[in-house]
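Novice: I have a structure here, written as structure tokens, and I will follow up with some questions on it.
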Amino acid sequence: MTTLFISDLHLDANRPEIGEQFLQFLQGEAAGADALYILGDLFESWVGDDDPNPHYAIMKAAIRKLVDAGVPVFFMHGNRDFMIGERFAEETGVTLLDDPVCIEIHGQKVLLSHGDALCIDDQQYQQVRLMTRNPKWQAMMRAKPLEERIAFAEQARKQSKEYMDSVGEDIMDVNQDAVVGTFRKRGVDILLHGHTHRPAIHDVDLKDRIAKRIVLGDWYDHGSVVRWDGNGPRLEAMPRS
Ligand code: MN
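Residues in the sequence shown are numbered consecutively from 1252, following my numbering.
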């Protein structure tokens, strides 16, 4: 049996082809899986579980259907959908995961993370991350009217795009010292994350051993998935049908 891992779909009504592929994935391959792990940035933005966004409602219902069919679905926050809360979890039936979290799969310990916490070269981003993950800041945001939150998210996305266009590519990748430190601190040999949109499997030399860092890709041009069965993990692209 296979456990599936995905991240960085950035679902948005403006990119209906991604939503369509996600729905097919849920009804097809995922329905036959052991479990599905979504490692953040499933949605392009999330202003609160009370958002009646019809595109997101379709996606939520499809996840619910998968869970009801008996496939456990685990969800970790990304830097776009970090405002997903308990109500979303109740509606969809997903289990919310901390970032990072260690799981065991086919006898192997694996550390799961969205990945943005490893991108410490980008100090400006890390400041924003610290602020927006603060429960007090989130409570302050949730208290605002929906329209205000939607406008805020729109503005934040615009600023983030301008910022990303202005800084170099490298700053938006993981920091090697942070990666090595994470492996040592957590005592694992495999780290699986998304966020950077640079799908690859990297060997990481820890001197006493070689660890593996598996990076999921985004779904902009095609799907990206890690399929993990008794033979180990496979990082694969999923063409759009
Ligand atoms: Mn991300």
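Each residue gets a CB set at the ideal place from its N, CA and C atoms; glycine is no exception. In this text, all values refer to a predicted model and were calculated from it rather than measured experimentally.
Is the number of C-beta pairs between the stretch 1294-1313 and the stretch 1355-1367 that are closer than 8 Å three or more?
Specialist: Not touching, per the Cβ criterion.
Novice: For Phe-1273, which residues of its own chain have a beta-carbon under 7 Å away from its beta-carbon, when the five flanking residues on both sides are left out?
Specialist: For Phe-1273, where only same-chain residues beyond five positions count, the Cβ hits under 7 Å are Leu-1260, Leu-1262 and Met-1310.
Novice: Quick check on Ser-1417: buried or exposed, where buried means 16 or more other Cβ atoms within 10 Å of its Cβ?
Specialist: Exposed.
Novice: Of the residues Ile-1422, Thr-1253, Val-1322 and Arg-1485, which one's Cα is nearest the Cα of Thr-1343?
Specialist: Among Ile-1422, Thr-1253, Val-1322 and Arg-1485, the Cα nearest to that of Thr-1343 belongs to Val-1322.
Novice: Where does the unbroken alpha helix (DSSP H) through Glu-1280 begin, and where does it stop?
Specialist: Careful: Glu-1280 lies outside any alpha helix (DSSP H) and carries neither H nor E.
Novice: So the beta strand (DSSP E) Asp-1416 belongs to, where does it begin and stop?
Specialist: Where Asp-1416 is concerned, there is no enclosing beta strand (DSSP E), although the alpha helix (DSSP H) it sits in stretches over 1397-1417.
Novice: Locate the alpha helix (DSSP H) running through Arg-1485, then write down its first and last residues.
Specialist: That residue, Arg-1485, is in no alpha helix (DSSP H); its beta strand (DSSP E) goes 1483-1489.
Novice: Mind checking whether the beta-carbon of Asn-1426 lies closer than 7 Å to any heavy atom of the ligand MN?
Specialist: Asn-1426 Cβ: outside cutoff for every heavy atom of the ligand MN.
Novice: Determine the contact status of Leu-1493 and Asp-1332, defining contact as a CB-CB distance below 8 Å.
Specialist: A query on residue 1493 cannot be resolved here, the shown segment of the chain reaching from 1252 to 1492 and no further.
Novice: Of all residues in the structure, which have a C-beta closer than 5 Å to any heavy atom of the ligand MN, taken in chain order?
Specialist: With the cut-off at 5 Å, the residues found are Asp-1292, Gly-1329, Asn-1330 and His-1446.
Novice: Pick helix, strand or coil for Gly-1448, following the three-state DSSP scheme.
Specialist: As written in the sequence, residue 1448 is His, which differs from the Gly given in the question. In the structure shown, His-1448 sits in coil (DSSP, three-state: anything other than H, G, I, E or B).
Novice: Tell me, please, whether the stretch 1382-1401 touches the stretch 1465-1475 by the rule of three or more beta-carbon pairs shorter than 8 Å.
Specialist: No, the stretch 1382-1401 does not touch the stretch 1465-1475.
Novice: For Tyr-1471, does the three-state DSSP call read helix, strand or coil?
Specialist: If DSSP states are grouped into helix, strand and coil, Tyr-1471 belongs with coil.
Novice: Can you list, in chain order, the stretches of the alpha helix (DSSP H) that have 4 or more residues and sit fully within the stretch 1347-1396?
Specialist: DSSP runs (the alpha helix (DSSP H)) wholly in the stretch 1347-1396: 1374-1383 and 1386-1393.
Novice: Would you list the residues sitting across from Asp-1456 in a DSSP beta bridge?
Specialist: Answer is Ile-1461.
Novice: Closest to Val-1431 by CA distance: which of Glu-1398, Arg-1460 and Lys-1412 is it?
Specialist: The shortest Cα separation from Val-1431 among Glu-1398, Arg-1460 and Lys-1412 belongs to Arg-1460.
Novice: Taking C-beta to C-beta, are Glu-1280 and Leu-1255 nearer than 8 Å?
Specialist: Yes; because the gap between Cβ atoms is below 8 Å, this pair is in contact.
Novice: Determine which residues share a DSSP beta bridge with Asp-1480 and list them.
Specialist: Gly-1483.
Novice: From Asp-1319, Ser-1296, Pro-1351 and Ile-1354, pick the residue whose C-alpha is nearest to that of Lys-1277; which is it?
Specialist: A small correction: the amino acid at residue 1277 is Leu; Lys does not occupy that position in the sequence shown. The residue with the shortest Cα to Cα distance from Leu-1277 is Asp-1319.
Novice: If I measure Cβ to Cβ from Gln-1377 and keep anything under 7 Å in the same chain, skipping five residues before and after, which residues do I get?
Specialist: So the list reads Ile-1371, once near-sequence residues are dropped.
Novice: Return yes when the Cβ of Arg-1491 is within less than 8 Å of the Cβ of Glu-1268, no when it is not.
Specialist: Closer than 8 Å, so yes.
Novice: Ordered along the chain, which non-local residues of its own chain (more than five positions away) have a Cβ less than 8 Å from that of Thr-1346?
Specialist: So the qualifying residues of the chain are Pro-1323, Val-1324, Phe-1325, Phe-1326 and Ala-1340.
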